[in-house]
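The sequence shown begins at 2 in our numbering and counts up by one.
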Amino acid sequence: MTASPNGVLTESISVSEATEMARRARERVVGRVSGHPDRRDTGEHFRVAALNDTLLPERVRDALDRLRDGAADAVVVHGLPADEPAVPVLGWTWLGMVTRRLGHEYGYRAEKDGDLVHDVRPRPEGAATQSNASSAVDLSLHTEVAFHDIRPDFVVLYGVRSPEPRPATRLVRIADAIRKCRPETVRELREQHFRIAAPESFAQAGIIGDVVPIGGSGDWPTIRWHSSIVAENPRRRAAVTDFLESAESVAHHVRLGPGSLVAFSNSRCLHGRDSFAARYDARDRWLLRTYVLRDVTRLMSRYGLEPDSAGIRTLAEAVAS
2 MTASPNGVLT
12 ESISVSEATE
22 MARRARERVV
32 GRVSGHPDRR
42 DTGEHFRVAA
52 LNDTLLPERV
62 RDALDRLRDG
72 AADAVVVHGL
82 PADEPAVPVL
92 GWTWLGMVTR
102 RLGHEYGYRA
112 EKDGDLVHDV
122 RPRPEGAATQ
132 SNASSAVDLS
142 LHTEVAFHDI
152 RPDFVVLYGV
162 RSPEPRPATR
172 LVRIADAIRK
182 CRPETVRELR
192 EQHFRIAAPE
202 SFAQAGIIGD
212 VVPIGGSGDW
222 PTIRWHSSIV
232 AENPRRRAAV
242 TDFLESAESV
252 AHHVRLGPGS
262 LVAFSNSRCL
272 HGRDSFAARY
282 DARDRWLLRT
292 YVLRDVTRLM
302 SRYGLEPDSA
312 GIRTLAEAVA
322 S
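Right under this line is the structure:
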């Protein structure tokens, strides 16, 4: 296991390991799941994948356990066996293993129609937007679903396809960013004087006020951040600028190729992505993404839901209601 100075754990799978992993995954997971992967019903594929997560090397499982338990803020894995991108069943297998080791996949009805696995790829209409469909602009550092009161505990990204040159996914550990900031910046960002906006798909949410960007304790800070963050006071606007400059200066750059995966804490890390050239053909960059909750029972109690075979999808719809 390689630990970077900013607390990101990185693992690499050897060619011999990958060959054996692919063989066993096709036999023990892919061969037991009928039909193609279903973005809205991950249950069977992810369940069988989770039962066989010992196919992942012990060092990878240990790194993921450290992320889940708070001893690490992000895990990067390179060299996972990749398959033909038309139907990336091996990709779904690794994604399912990692997701279920961290918690449970869930979604939002207003985000990609409630899909539990998201296809992240460029689209012409989103090229210059601050969204996962962009390509022509850098994707600013942000917290996933920052505007919502229920946000992912973890985000998992798996690389299906990425032409050269590969854009960097920028990952920033909040503790590192804070150490680079001026003390007055941190004090300002611990106050609830900031606003963020929900995207158009969540139009009913509008502008969210009284946001506290930096939470948690001094030893265990958390972050809630979005490119739309604003404040009226010039001193607070200066704090936003100082924080972003500090965060970018300590960013860890991860280049996700086929078979690469990154999982990170959504409350302890910010993430963004560099711009890249998109052709809008069958060779453009393509990632799979899941949102992960460590414990879904709190949603069951909040929305009066009962666990059943379609429970995770039900939660996806209930969260956005």
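Every residue gets a Cβ at the ideal spot worked out from N, C-alpha and C, and that includes glycine.
Straight-line Cα distance separating residue j from residue i
{"i": "W221", "j": "P184", "result": "16 Å"}
{"i": "G217", "j": "A64", "result": "23 Å"}
{"i": "T186", "j": "A239", "result": "8 Å"}
{"i": "G8", "j": "A73", "result": "6 Å"}
{"i": "L316", "j": "A26", "result": "29 Å"}
{"i": "Y107", "j": "K113", "result": "12 Å"}
{"i": "C182", "j": "D243", "result": "7 Å"}
{"i": "D54", "j": "R274", "result": "29 Å"}
{"i": "R167", "j": "R284", "result": "12 Å"}
{"i": "Y304", "j": "R48", "result": "24 Å"}
{"i": "E246", "j": "A264", "result": "24 Å"}
{"i": "A111", "j": "S17", "result": "42 Å"}
{"i": "E59", "j": "D66", "result": "10 Å"}
{"i": "E189", "j": "G210", "result": "15 Å"}
{"i": "D282", "j": "D84", "result": "19 Å"}
{"i": "S322", "j": "R24", "result": "Caution applies to S322, whose pLDDT of 45 falls short of 50 and renders its modelled position unreliable; the value that the coordinates give is listed next. C-alpha separation (whole angstroms): 42 Å."}
{"i": "G44", "j": "E233", "result": "46 Å"}
{"i": "T298", "j": "L103", "result": "15 Å"}
{"i": "T223", "j": "R180", "result": "13 Å"}
{"i": "G32", "j": "L57", "result": "18 Å"}
{"i": "A134", "j": "P125", "result": "8 Å"}
{"i": "P6", "j": "H272", "result": "In this prediction, P6 has a pLDDT of 48, which is less than 50 and means its spatial position is unreliable; what the coordinates show is noted afterwards. If you take the alpha carbons of P6 and H272, they lie about 17 Å apart."}
{"i": "M22", "j": "S35", "result": "20 Å"}
{"i": "L91", "j": "P235", "result": "50 Å"}
{"i": "T130", "j": "D296", "result": "32 Å"}
{"i": "V241", "j": "S302", "result": "36 Å"}
{"i": "P200", "j": "S15", "result": "41 Å"}
Anticipated Cβ contact below 8 Å, residue i with residue j, distance rounded
{"i": "V231", "j": "A178", "result": "Not quite, the Cβ-Cβ distance comes to about 19 Å (not below 8 Å), so this is no contact."}
{"i": "R237", "j": "H194", "result": "6 Å"}
{"i": "P164", "j": "R286", "result": "7 Å"}
{"i": "C270", "j": "A128", "result": "Contact flag wrong, Cβ pair sits at about 26 Å."}
{"i": "V156", "j": "N267", "result": "5 Å"}
{"i": "S276", "j": "V138", "result": "5 Å"}
{"i": "L262", "j": "W95", "result": "6 Å"}
{"i": "R314", "j": "D42", "result": "6 Å"}
Three-way DSSP call (helix, strand, coil) for residue i in this model
{"i": "F195", "result": "strand"}
{"i": "T291", "result": "strand"}
{"i": "V213", "result": "coil"}
{"i": "E233", "result": "coil"}
{"i": "V30", "result": "coil"}
{"i": "L190", "result": "helix"}
{"i": "G160", "result": "strand"}
{"i": "R256", "result": "strand"}
{"i": "R280", "result": "coil"}
{"i": "A219", "result": "A small fix is needed here, since residue 219 is Gly in this sequence, not Ala. Note: G219 maps to coil in three-state DSSP."}
{"i": "Y304", "result": "helix"}
{"i": "T242", "result": "helix"}
{"i": "S322", "result": "Low confidence applies to S322: its pLDDT is 45, below 50, so where it sits in the model is not reliable, and the reading given next is rough at best. DSSP places S322 in coil when its eight states are reduced to three."}
{"i": "G273", "result": "strand"}
{"i": "R314", "result": "helix"}
{"i": "I14", "result": "coil"}
{"i": "V151", "result": "Note on residue identity: the sequence assigns Ile, not Val, to residue 151. Looking at I151 - three-state DSSP - the assignment turns out to be coil, as it is neither helix nor strand."}
{"i": "R24", "result": "helix"}
{"i": "S228", "result": "coil"}
{"i": "S261", "result": "coil"}
{"i": "A178", "result": "helix"}
{"i": "A129", "result": "coil"}
{"i": "L171", "result": "Reading off the sequence shown, one finds Arg at residue 171, where the question assumed Leu. The answer is strand: DSSP assigns R171 an E or B state."}
{"i": "V49", "result": "helix"}
Proximity below 7 Å, CB of residue i to CB of residue j
{"i": "T144", "j": "R69", "result": "no"}
{"i": "H149", "j": "I197", "result": "no"}
{"i": "P86", "j": "A279", "result": "no"}
{"i": "H79", "j": "S132", "result": "no"}
{"i": "L289", "j": "H105", "result": "no"}
{"i": "P259", "j": "G97", "result": "no"}
{"i": "T100", "j": "T291", "result": "yes"}
{"i": "W93", "j": "H46", "result": "yes"}
{"i": "L172", "j": "H253", "result": "yes"}
{"i": "A248", "j": "L142", "result": "yes"}
{"i": "V30", "j": "A50", "result": "yes"}
{"i": "R40", "j": "D154", "result": "no"}
{"i": "T11", "j": "V61", "result": "no"}
{"i": "R191", "j": "I215", "result": "yes"}
{"i": "A147", "j": "P82", "result": "no"}
Test: residue i CB closer than 7 Å to a CB of chain C
{"i": "S132", "result": "No chain C appears in the structure shown, which is made up of a single protein chain."}
Continuous beta strand (DSSP E) assignments of at least 3 residues falling wholly in the region 52-125: 75-79, 105-107, 119-121
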